[in-house]
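In this note's numbering, the protein residues as written are 6 to 151. Glycine included, each C-beta is placed from N, C-alpha and C at the ideal position. See structure below.
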């Protein structure tokens with residue numbers, strides 16, 4: 006295998022909006038995208054964040070809110086589905102306990118999960134299968150000895 010020379014053609018900065026389907030957290034990440042051509046004329050695209058080579062945004066990103074690895078990327082100019090959250094009713098009392106942070110929606114916890122995660126469902130399914138199997142074994146043992 007020989008050395009292949011790579012020539013840099015151009016670099017662009019791209020901002021990609023991302024959305025977590027688990028906690029509905031929406032954020033943006035900036036990438037430096039280098040478009041290169043090797044010595045044989047093949048195009049090479051490198052994605053960098055803070056000077057570190059990373060996967061493209063659509064290859065799977067982790068949510069900074071809940072850690073879910075199923076974050077979805079949207080091309081520049083597209084907006085995620087949950088960019089505007091429904092407004093909750095205003096608090097009835099006024100005082101220090103009713104003050105919310107700027108930009109937050111009262112009564113809404115954005116990090117609370119709205120569905121079970123996949124590992125929890127797999128463990129639950131395995132537990133159910135184990136219980137069914139052992140219950141059949143116990144019934145067979147009791148019926149066989151009486």
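- Message: Can you list, in chain order, the residues of its chain with a C-beta nearer than 6 Å to that of residue 66? Leave out the 5 residues immediately preceding and following it.
- Response: Here the question's residue 66 lines up with position 61 in the chain shown. Same-chain partners within the cutoff: 23 and 76.
- So residue 19 packs on residue 42, CB below 8 Å; how close in whole Å? Reading the chain shown from its first residue, position 14 is the one you call residue 19. Reading the chain shown from its first residue, position 37 is the one you call residue 42. Rounded, the Cβ-Cβ distance is 19 Å, inconsistent with contact.
- Three-state secondary structure (DSSP) at residue 140? As a first step, residue 140 is located in the chain shown; it is residue number 135 there, counting from the start. Reduced to three states, the DSSP call for residue 140 is helix.
- Quickly, what does DSSP pair residue 33 with across the bridge? List them, please. The residue you call residue 33 lines up with position 28 of the chain shown. Note: residue 33 sits in a beta bridge opposite 22.
- Sorry if obvious, but does the Cβ on residue 30 come closer than 6 Å to a heavy atom of the ligand ADP? Of ligands this structure carries none, so the ligand ADP is not represented either.
- Message: Measuring only the C-alpha atoms, how far is residue 49 from residue 73?
- Response: For the purposes of this step, residue 49 is taken as residue 44 along the chain shown, with counting starting at 1. For the purposes of this step, residue 73 is taken as residue 68 along the chain shown, with counting starting at 1. The alpha-carbon atoms of residue 49 and residue 73 are separated by roughly 29 Å.
- Would you mind reading off the limits of the beta strand (DSSP E) that contains residue 52? The sequence position of residue 52 within the chain shown is 47, counting from 1. Its beta strand (DSSP E) spans residues 48-54.
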